[in-house]
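Asks: Read in the numbering used here, the sequence shown has 1065 at position 48, and its numbers run on one by one without any break.
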Amino acid sequence: AAAPLPEEDCMKLNPSFLGIAFSSLLAIDLWASKRLGVCAGEGSAWGSARPLMKVIEVSGHGIPWLLGTGYGRCPSECGGKKTLPFLLTHCYCLLALLLDLVLVAVVKGLVKRRRPTHNKMDMFVTISVDKYSFPSGHATRAALVCRFVLHHLVLAVPLRVLMVLWALIVGISRVMLGRHNVTDVLFGLLLGYALYSVVEYCWLSPLSAPALFALW
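Structure representation (structure tokens):
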């Protein structure tokens, strides 16, 4: 009688349901991402909209948000000393943005998923880890900033709607530009949403932190 196959070989010959499902979802993800990458190049179906997509790309980049948040924190720029709640808001916004950058870089370095083959590497200010695509840093940042702004700024309803639309458009633009696969963006939006909850959990009350921010 033939010797029984090793367990590893049996697993290869009889792939699990989860393995088949994962492979199928991955194939669908790659197919959908390529079909939706209509602004990936000048010769793409919507190539004429590529400049607009790149403007949206910059609007979700980390550098403008870090510089803008840091600039707004400076007392000399807004007529003198800031109130403690104002400083707390800017401090935690900076903390959230920095955590976002670190977390996305770590996950990208661990997963090491390459960007779509139809992507054109002409992105605004990149680092070595940006050659990987999972998750989308723009999507995490858009979701994080959107929740932060909606929670801490008093905005009219139309502006709140525009803020949500901006976050969604940033995510969609990543796929249209060919920068990311669909799952990169979906996971990024979820990660940014969850990261805000972590920052909010760590939020310090203005009544409990005057000494910590006295030098600000």
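Note that CB positions come from ideal geometry on N, CA and C, so glycine has one too.
As the structure is a prediction and not an experimental result, all values here were calculated from the model.
Taking DSSP as the reference, what is the three-state secondary structure of residue 1249?
Replies: Residue coverage of the chain in this structure runs from 1018 to 1233, which leaves residue 1249 outside it and unanswerable.
Asks: Which whole-angstrom value is the C-beta distance of residue 1156 and residue 1202, which I expect to be below 8 Å?
Replies: The residue you call residue 1156 lines up with position 139 of the sequence shown. The residue you call residue 1202 lines up with position 185 of the sequence shown. Contact holds; Cβ gap of about 5 Å.
Asks: Checking 8 Å against the spacing of the C-beta atoms, do residue 1117 and residue 1209 come in under that value?
Replies: Residue numbering aside, residue 1117 sits at position 100 when the sequence shown is read from its first letter. Residue numbering aside, residue 1209 sits at position 192 when the sequence shown is read from its first letter. For residue 1117 and residue 1209, yes; Cβs fall inside 8 Å.
Asks: Runs of 3 residues minimum, wholly inside the stretch 1166-1227: which ones carry the beta strand (DSSP E) assignment?
Replies: none
Asks: Do residue 1168 and residue 1054 have their C-beta atoms within less than 8 Å of each other?
Replies: Working through the sequence shown from its first residue, we reach residue 1168 at position 151. Working through the sequence shown from its first residue, we reach residue 1054 at position 37. Their beta carbons are not under 8 Å apart, which means residue 1168 does not touch residue 1054 by this criterion.
Asks: Going by the DSSP bridge assignment, what does residue 1149 pair with across the sheet?
Replies: Against the sequence shown, residue 1149 aligns to sequence position 132. Bridge partners of residue 1149: 1131.
Asks: As a quick exercise: from 1035, 1124, 1215 and 1068, pick the residue whose alpha carbon is nearest that of residue 1150.
Replies: Here residue 1150 is taken as the residue at index 133 of the sequence shown, counted from 1. Selected option, being the one with the closest Cα: 1124.
Asks: Hey, residue 984 and residue 1164 are a contact pair by Cβ (cut 8 Å); roughly how many whole angstroms apart?
Replies: Shown here, the chain extends from 1018 to 1233; a query on residue 984 therefore has no answer.
Asks: Can you say whether residue 1034 is buried or exposed, counting buried as having 16 or more other CB atoms within 10 angstroms of its CB?
Replies: Within the sequence shown, residue 1034 is the residue found at index 17, counting from 1. Burial call: exposed.
Asks: Ordered along the chain, which non-local residues of its own chain (more than five positions away) have a Cβ less than 6 Å from that of residue 1128?
Replies: Within the sequence shown, the letter at position 111 stands for residue 1128. 1151.
Asks: Where does residue 1141 land, buried or exposed, given buried means 16+ other C-beta within 10 angstroms?
Replies: In the sequence shown, the residue the question calls residue 1141 occupies position 124. Flag for residue 1141 reads exposed.
Asks: Between the C-alpha atoms of residue 1047 and residue 1191, what's the straight-line distance to the nearest angstrom?
Replies: Sequence index remark: in the sequence shown, residue 1047 carries index 30 (1-based). Sequence index remark: in the sequence shown, residue 1191 carries index 174 (1-based). Rounded to the nearest angstrom, the two C-alpha atoms are 14 Å apart.
Asks: Quick one: what's got a C-beta closer than 6 Å to residue 1153's C-beta in the same chain, skipping five residues either side?
Replies: The sequence position of residue 1153 within the sequence shown is 136, counting from 1. If we look at residue 1153 and ignore the five residues flanking it on each side, its Cβ neighbours are 1191, 1197, 1201, 1202 and 1205.
Asks: Leaving out the 5 sequence neighbours to the left and right, which residues in its chain are closer than 6 Å to residue 1062 when beta-carbon positions are compared?
Replies: Indexing the sequence shown from 1 puts residue 1062 at position 45. For residue 1062, where only same-chain residues beyond five positions count, the Cβ hits under 6 Å are 1055.
Asks: Could you check the C-alpha separation between residue 1086 and residue 1041 for me, to the nearest Å?
Replies: What you label residue 1086 is simply residue 69 of the sequence shown in a count that begins at 1. What you label residue 1041 is simply residue 24 of the sequence shown in a count that begins at 1. In this model, residue 1086 and residue 1041 are separated by some 42 Å (Cα to Cα).
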